[in-house]
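Trainee:
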Amino acid sequence: MSTWVFITIFAALMQTIRTSIQKSLTKFLSAEVITWIRFIFGFPIVIIYVVVLHNSGFEFPSINQKFIVYCLFAGLFQIIGTILLVSLFSHRNFAVSTAYTKTEAIQVAIFGAIFFQEYLNILSSIAVILGMLGVVIMSSSQQNIELKSLLTGLNNKSVFIGITSGASFAFDALLIREAILILNHDIPLTNAALTLLVILILNIFQLGIWITYKNRSMFNGILFYWKRSLLVGVTSAIGSIAWFTAFALTQAAYVKTVGQVELLFSILVTQRIFKEGISRTEIFSIFLIIASIVILIYSTNS
């Protein structure tokens, strides 16, 4: 099995842990600050990682203006996607809308083919579609949404926001992949590390300026919750290192499809904490997600 698969699964696990900690902060801090926390507290970890790679003899590539531009927009799409996702909390049909954010993987495949000439073979395309169906059905089941509501709500504003949020994260992944390729260097580890470092710095400044402009007092609560903020930063940094390394090794659509295993981790966490059973719909969704990953791995190795 390819190395990028294991790296992606590990990244999804870190993201599951980070998300659960972030959710515990939503009662006390604004969505913008919680997002900024993952950048600022994760920054030292990424710096240490880059220094360790450098001191271990790994050669880093030089950067150019095009690389910076791609990193800038990748970070911007990441911030926009997060803000749109959080904004859905204020909408009445939040559950239906968030189900549409789960279309990220198939949007990566579509936009990748249209804008970046990253084409998938037939088996890989089937895998992406199966994975998306599994995630959307699972999301619908967990939030007690009837599947027909996903179709009847297509003309709703909040559903449009959900789809746009997924599109923003899709472009974020594709631009990260393109930024890494622009470096045109033979060492995936250093390509990924340098790209992550640059995007992280840009995100700290971009979102920091936005928060300062909107309401700088939002920063005040960080010190009161520094322990949880530190955990968010550490898990975010480790997860990002894994995500970016996976993007350096293969196409973004493949990574995002396997990354949907995050939902399975979330279910395991929920079952562990609340001792809840698994419905037939959830079992069917798990089957679709696992099948999509198996088919994708087979298609990329054949």
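Counted the way the working numbering counts, the sequence shown spans residues 160 to 461.
Cβ atoms here follow ideal geometry from the backbone N, Cα and C, with glycine treated the same way.
1. Pull up the distance between the alpha-carbon of L359 and that of S215, whole angstroms please.
2. To the nearest angstrom, how far is the alpha carbon of L423 from that of I322?
3. Mapping the DSSP letters down to three states, classify P109 as helix, strand or coil.
4. How many whole angstroms separate the CB atoms of L333 and F219, which I take to be in contact at a CB cut-off of 8 Å?
5. Hey, M297 and E441 are a contact pair by Cβ (cut 8 Å); roughly how many whole angstroms apart?
6. So T416 is in the alpha helix (DSSP H); what residue range does that whole segment cover?
7. For M377, report the span of its alpha helix (DSSP H) as first-last.
8. Taking the alpha helix (DSSP H) that E263 falls in, what are its first and last residues?
9. With distances taken Cα to Cα, identify the nearest neighbour of Q224 among L279, A338, I273.
10. Would you kindly work out how many angstroms separate the C-alpha atoms of V209 and R439, rounded to a whole number?
11. Can you list, in chain order, the residues of its chain with a C-beta nearer than 8 Å to that of F403? Leave out the 5 residues immediately preceding and following it.
12. Can you give the beta carbon distance from V192 to I370, rounded, assuming they're within the 8 Å contact cut?
13. Please report the straight-line C-alpha distance between I452 and A286, rounded to a whole angstrom.
14. Starting from V420, follow the alpha helix (DSSP H) in both directions and report where the run begins and ends.
15. When DSSP labels each residue in this structure, what does S215 get in the three-state scheme?
16. To the nearest angstrom, report how far apart L390 and F383 are at their CA atoms.
17. Cβ of G325 within 7 Å of Cβ of Q266?
18. Below 8 Å on the Cβ atoms is my guess for I456 versus V228; work out the distance and round it to an integer in Å.
19. What does the alpha-carbon distance come out to for the pair V414 and T167?
20. According to DSSP, is K386 part of a helix, a strand, or is it coil?
21. Please list, in chain order, all residues of the same chain as W195 whose beta carbon is under 7 Å from its beta carbon, the five residues on each side excluded.
22. Express the C-alpha separation of F198 and N379 in angstroms, rounding to a whole number.
23. Is it true that the CB of S458 sits closer than 7 Å to the CB of N280?
24. Output needed for L447: all residues of its chain with C-beta closer than 6 Å, excluding positions within five of it in sequence on either side, in chain order.
25. Looking at the structure shown, is S395 part of a helix, part of a strand, or coil, going by DSSP?
26. So the candidates are S425, I454, F406, V393; which of them puts its Cα closest to the Cα of F202?
27. With distances taken Cα to Cα, identify the nearest neighbour of R177 among A450, I426, S388, I454.
28. Could you tell me whether the Cβ of F406 comes closer than 7 Å to any Cβ of chain C?
29. Quick one: grab the DSSP three-state call for S161.
30. Spatial neighbours of L184 within its chain, please: C-beta separation below 8 Å, excluding the five flanking residues on both sides.
31. Kindly indicate which residue of F443, I239, N374, A396 has the alpha-carbon position closest to the one of I320.
Mentor: In this structure, then:
1. 22 Å
2. 22 Å
3. The chain is shown only over 160 to 461; residue 109 falls outside these bounds and no answer can be derived.
4. About 23 Å; that fails the 8 Å criterion.
5. 6 Å
6. 411 to 417
7. No alpha helix (DSSP H) contains M377, which DSSP labels as neither H nor E.
8. 263 to 275
9. A338
10. 45 Å
11. I335, I339, A351, A352, T354, L355
12. 7 Å
13. 7 Å
14. That residue, V420, is in no alpha helix (DSSP H); it is neither H nor E in DSSP.
15. coil
16. 14 Å
17. yes
18. I456 to V228, Cβ: 34 Å. No contact.
19. 6 Å
20. helix
21. L366, G367, I370
22. 17 Å
23. yes
24. L289, L292, G293
25. helix
26. V393
27. S388
28. Of the protein chains in the structure, only one exists, and it is not chain C.
29. coil
30. I193, I196, Y384, R387, S388, V391
31. I239
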